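Engineer: After the structure tokens below, expect a handful of questions from me.
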Amino acid sequence: MKFSLTWLKDHLETDASVADLAAAMNRIGLEVEGIEDPAELLAGFTVAEVLTAAPHPDADKLQVLTVDTGTGDPLQVVCGAPNARAGMKGVLGQPGAVVPSNGMELRKSAIRGVESNGMMCSVRELELGDEHDGIIELPGDAPVGHSFADYHGSSPVFDVAITPNRPDCMGVYGIARDLAAAGMGTLKPIAFPKFEAAGECPVEIRTDDPEGCPAFYGRVITGVKNGPSPDWLQQRLQSAGQRPISLLVDLTNYLMLAFGRPAHAYDLAKLTGAVVARRAKDGEQVLALNEKTYTLDSSMTVIADDNGVHDIAGIMGGEDSGCTEDTTDVLLEIAYFNPDRIGRTGRTLGLASDARTRFERGVDPAFLDDGLDLLTGMIVELAGGTATDAVRAGTPPAQAMSVSFDPALTQKLGGVDVDPSEQQRILESLDFGVDAAAVPWTVTVPLRRHDVEGPADLVEEVVRIYGIDDIASTALPRVEGVAAPTASAEQKQERRVRRAAAGRGLNEAVTWSFLPVPEAEHFADGAKLWVLDNPISEDMKAMRPSMIPGLLSAAKRNVDRGATSLRLFEVGRRYFRNDDGSSNEKPTVGVVLAGEKSPRGWASGKAVPFDAFDAKAEAMALLAEAGAPADKLQVMGDAGAQFHPGQSGTLRLGPKNVLARFGTLHPKTLEAFDIDVPVVAVEIFLDAIPGKKGTASFARTTYAPPALQSVMRDFAFLVPADLPAGDLQRMVKGADKANIVDARIFDVFSGQGVPEGKKSVAVEVTLQPTEKSYKDEDLKAISDKVVAAAGKLGAELRG
Amino acid sequence: MDELNTRKDAALAAIADAATPDAVEALRVEALGKQGWISQLLKTLGKMTPEERQEKAPAIQQARAEVADAIAARKQALDDAELDRRLATETLDLSLPAPVTPKGTVHPVSQVMDELAEIFADLGFAVKTGPEIEDDWHNFTALNMDENHPARAMHDTFYFPDRDGQDRAMLLRTHTSPVQIRTMVNEGAPVRIIAPGRVYRSDSDATHTPMFHQVEGLVIDKDIHLGHLKWTLETFLKAFFERDDIVLRLRPSYFPFTEPSVEVDVGFEVVKGRRVLGGSGDAPGHAWMELLGSGMVNRRVIEFAGLDPDEWQGFAFGVGVDRLAMLKYGMDDLRAFFDGDVRWLQHYGFSPFDQPTLSAGVGATA
């Protein structure tokens, strides 16, 4: 909220500077978000007197003035305002001053050939209002040569953020009270203008909804004369960023802004019968002051008369019964509404207002009578009229909470030693009642402090006024020795995979967790998606069931920017559901390789696009780094409909446990993402990788290199064309486990010399003798085993 | 004798003139081959008397050695010349580019999270995680924000239409604080954790994205107070920014889940258009910026988490990870974090070898 220094000083007797007050507010929890000094804007504008005014020789609408500035010779100023005349006082901007409304710096210039040494200003030019019919006319006693800002009474404006727990500071008076407690001055008593109450209130006031509206006080004032507010009131409202409207409206706003007390003034002429706080009827409508119509339901409290709803209680008044310039009789309403109910109604209607902000956080239940008398007094003083007695329906909460408080808690929780007598002084200065006769103390909480629930809150009060920044740092107790490792197995796995992927030349991206629904559906594979009720846009609506779409969109954006080769990865979560409706978030690595694997080059010739084997290489390498047993993985199919059916696969441990999928993306996937370069992708399901069994040991197994040299033998087989070469490789490798340590496919060929329906696969087998070197018959026996094993897959040794 | 010398000189001259290895070989055979003239002369030594041998042998031996050395030298020279000739044909233009290995990078958010884990591990904090799709009990109620709490509305929460098995509304967590609850419920006390992760708010402009990263800190023990909180934050920020002149300003504030609540500002100055942390915000040319929220855990929160608030107390804090990354490494646009622009990733990303360690300093210099 915003308020001027002048306003603050209405309530706080202080000599402190603006900077000191701001620092104090920050110190006690009233965060100063900005300070604006209108005097800075008005620098260079002074009070001046027009001595002579003569027509401009070359322009009908201009006059040439001589102006007394208070110092030196009078200045010549050209002026276009019709009201400029000799003898008047106004505001002169001299060369160098900057016009607030347009930021223009004034200069000495010639207007139609006549020298002009400044500008006489209008209200609008100085941003003091909308008026622009002529220049400002100041009273005759305005001191010529004086700073206009000073004369005008402009005052620095504080912009203070009030946390939701402090509705008692949503009025300037409350802020003054806090500042006084912090030693920044003395809180002034509230000045109640005197008025005579005459006679009974002619309007019946009732609350038929004691839960939503426990208290509804009111009074009628007849014979008021509404009109513009006096300057002091307008200036205060303007400093708060509010536009003055009329006395009656301005005074209710003033009560709210100065004392945190929303009130409402109805035009009595527009009311019929009793005015009642009641629940709205379902479907009942009201046209609110913001000129919008709201449809209400029976959970909402309203103020209504015989004809219908006039006020969405505690939130916004009705357009039909509001005060206007012609209002002569008013009914004032000061009520206490249930904060929770106000909040609920406001949320349901999507309606925010200054009144709601205060009521839903809790206004001061002890300030109903005072608030009503203050408002009445100000109206009678400024708008005249005769007030009736107050009427009171219901009662506001009056039971003050008392907290049992041991002042030693301030040290225990706050870490600072504040003398008990100082603690008592602080609490009492904030209107807490302190009975310090025995420890623990009995502390009575002022009704307006809805936020104080227990001793910890009192520690906060003491510490914030004492100075939370003065608390000394205390080292956390530390376990002896070197800090123990803290990362979990999953964290270590993620870190390792991430750096391995980056080490392999991939760039880590962080993409949105949410996707457009169609993209998410494309990758959902039957899982029920998490779809937001209130997304920020249609593009961010469904939680991702796969890492690939987000990376694919990133790849597309890069391609659209002209990138030709992309290696992206992300370590993140995919979002599924548990049976109990809770979230099942699976840690996953996604990789997308798009465009060229290598660009055209002087040595390599044409650019080479990524292919499915590049995806397989990343899948294998990253799985190994993630701790999967790479030598036990089987390549199988069913990568998913998003992939090219013939150029994709899964890596599994056993037939069911899929650790990764990889391959070329399906052309339809690329089409759906509007991307026209080749793309291969990998998804690694980190949660599917089995953890290491047993306790980990640092020592490696014993190193025992074989004494004898290994022997290589090559075999070429004719196999059915559709036999996966990997099956043959595994079969060959397993043919004689005592001797064969490796089998590597080094050639695959079909075509000339190979029968139709067959292909030739050549395998290099590494044999490792253990105790003695192989003799011819040993080698023959091993070869026979290899050929026999391969034969089980329909492989024949090529002649 | 003269004849030997003459012949030797002639042979040496011929060797010196030989133009090819073959010619040298022919000369070797002529002189030192089985039938070569020096070999023949050597054979005559056997038939001589000892006196005669003593007289002639040295000259013959000398001739053999000289010729043999000359042949070896000439052969080496010719081989060298031949090698040089061959090498001269094998010259490569090494100004041409070598094969390029693509350079991979680690995202700044990951890097900073690793840095945080490293610093806090030294202070005895473990890293905990929790679900991002939360229920409203963990995200709000247990953090002392009941359904009507005004702070709830201020969280700009993303909701799902779904409810879980306990009829709790499902939502995207608005902060990492629910991990506090989960950790206390699952593991009891004492607790020393940080909880980094993705959080979500329905908010989008130049400085806000609907998804961002936060790290939560929680310490629960018997005698933890605000002084410990202040020390922990100072120690962490000094280690993170690797500056001893970090100055914090604590301001009272309000969060429903802490009491007292403290907003923490840090002093900075603007150097070449960038905010550089360090120094008091009240020093000339300096200012304060809000960096994190914190406080003593509200006893209601401790109760909700199933612990006895008369026995256990402690502090919690939360800070934006992306924000820390921006302040440390100089990015100025949060939205770029989540765009996957490879140029940005290459510019701001980290080498996989920049694994943060305490001994090297957790930060990676530019």
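Protein chains in written order, with our numbering: chain A, 1332 to 2130; chain B, 388 to 753. For each residue, glycine too, the CB sits at the ideal point set by N, CA and C. Every value quoted in this text rests on a predicted model; they were computed, and no experiment measured them.
1) Against chain A, does B:L391 count as a neighbour if the rule is that its beta carbon must be under 9 Å from one of theirs?
2) Does the stretch 664–684 of chain B come within contact of the stretch 457–477 of chain B, defined as at least 3 CB pairs closer than 8 Å?
3) Only counting runs of 4 or more residues, tell me where the alpha helix (DSSP H) segments fall wholly within the stretch 1615–1688 of chain A, in order along the chain.
4) Only counting runs of 4 or more residues, tell me where the alpha helix (DSSP H) segments fall wholly within the stretch 1538–1624 of chain A, in order along the chain.
5) Among the candidates A:G1702, A:P1986, A:M1967 and A:R1756, whose CA atom is the shortest distance from the CA of A:R1992?
6) Contact defined as beta carbons within less than 8 Å: I believe A:L1423 pairs with A:M1451. What is the distance between those atoms, to the nearest angstrom?
7) Among residues of its own chain, excluding the 5 on either side of A:A2019, which ones have a beta-carbon nearer than 7 Å to its beta-carbon?
8) Does the beta carbon of B:D396 sit closer than 9 Å to a beta carbon anywhere in chain A?
9) How long is the line joining the alpha carbons of B:G727 and B:V634, rounded to whole angstroms?
10) Just checking: is the beta-carbon of A:M1597 within a distance shorter than 9 Å of some beta-carbon in chain B?
11) In whole angstroms, what is the alpha-carbon distance linking A:A2024 and A:S1819?
12) Between the stretch 2068–2100 of chain A and chain B, which residues of the former have a C-beta closer than 7 Å to a C-beta of the latter?
13) Looking only at its chain, what residues have a beta carbon closer than 7 Å to the beta carbon of A:A1384, apart from the 5 residues adjacent to it on each side?
14) Measure the beta-carbon distance from A:V1747 to A:T1741 and round it to whole angstroms, keeping in mind my assumption that it falls under 8 Å.
15) Which same chain residues, not among the five before or five after B:F691, have their C-beta less than 6 Å away from its C-beta?
16) Below 8 Å on the Cβ atoms is my guess for A:V2085 versus A:A2056; work out the distance and round it to an integer in Å.
17) Give the secondary structure of B:W675 by DSSP, where H, G and I count as helix, E and B as strand, and everything else as coil.
18) Does DSSP put B:D632 in a helix, in a strand, or in coil?
19) Show which residues of chain A have a CB atom less than 7 Å away from the CB atom of B:N535.
20) Give me the Cα-Cα distance between B:F628 and B:K659, rounded to the nearest whole angstrom.
21) Please list, in chain order, the chain A residues whose beta carbon lies closer than 7 Å to that of B:R585.
22) Return the CA-CA distance between B:A446 and B:A398, expressed in angstroms with no decimal places.
23) I'd like to know if A:T1707 contacts chain B, where contact means its C-beta is closer than 9 Å to some C-beta of that chain.
24) On the CB-based measure, 16 or more other CB atoms within 10 Å of its CB, does B:V416 come out buried or exposed?
25) As an exercise, report each continuous beta strand (DSSP E) stretch of at least 3 residues that is fully enclosed by the stretch 1350–1398 of chain A, in chain order.
26) Does the beta carbon of B:A513 sit closer than 9 Å to a beta carbon anywhere in chain A?
27) Decide yes or no for the touch test of the stretch 452–463 of chain B against the stretch 390–407 of chain B: beta carbon pairs closer than 8 Å, at least 3 of them.
28) Closer than 6 Å by C-beta to A:L1924: which residues in its own chain qualify, once you throw out the five before and the five after it? Chain order, please.
29) So what's B:G517 in DSSP terms, helix, strand or just coil?
30) Touching or not, the stretch 1469–1477 of chain A and the stretch 1663–1674 of chain A, by the rule of three or more beta carbon pairs under 8 Å?
31) Can you find a CB in chain B that lies within less than 9 Å of the CB of A:W1772?
32) Take A:I1646 and list the residues in its own chain whose beta-carbon comes closer than 7 Å to its own, dropping the five residues that flank it on each side.
33) Could you tell me whether the Cβ of B:F691 comes closer than 9 Å to any Cβ of chain A?
34) Across which residues does DSSP place A:S1440 in a beta bridge pair?
35) In whole angstroms, what is the alpha-carbon distance linking A:M1732 and A:F1763?
36) Applying the 10 Å Cβ sphere with the 16-neighbour rule, what's the burial state of A:W1933?
Structural biologist: Looking at the coordinates:
1) no
2) no
3) 1670–1680
4) 1562–1570 and 1578–1590
5) A:M1967
6) 6 Å
7) N1988, V1989 and L1990
8) no
9) 35 Å
10) Reading the sequence as shown, one finds Tyr at residue 1597 of chain A and not Met. A:Y1597 does not count as touching chain B.
11) The amino acid at residue 2024 of chain A is misidentified as Ala; the sequence shows Lys. Using only the alpha carbons, I get a separation of about 15 Å.
12) none
13) Q1394, L1396, A1415, R1416 and A1417
14) 7 Å
15) A529
16) The Cβ separation is near 14 Å, so there is no contact.
17) strand
18) coil
19) D1671, G1674 and R1675
20) 18 Å
21) S1844
22) 15 Å
23) no
24) exposed
25) 1362–1367 and 1376–1387
26) yes
27) yes
28) R1898, F1941, D1945 and V2011
29) coil
30) no
31) no
32) I1673, T1676, G1677, L1682, S1684, A1686 and R1687
33) no
34) A:S1447
35) 10 Å
36) exposed
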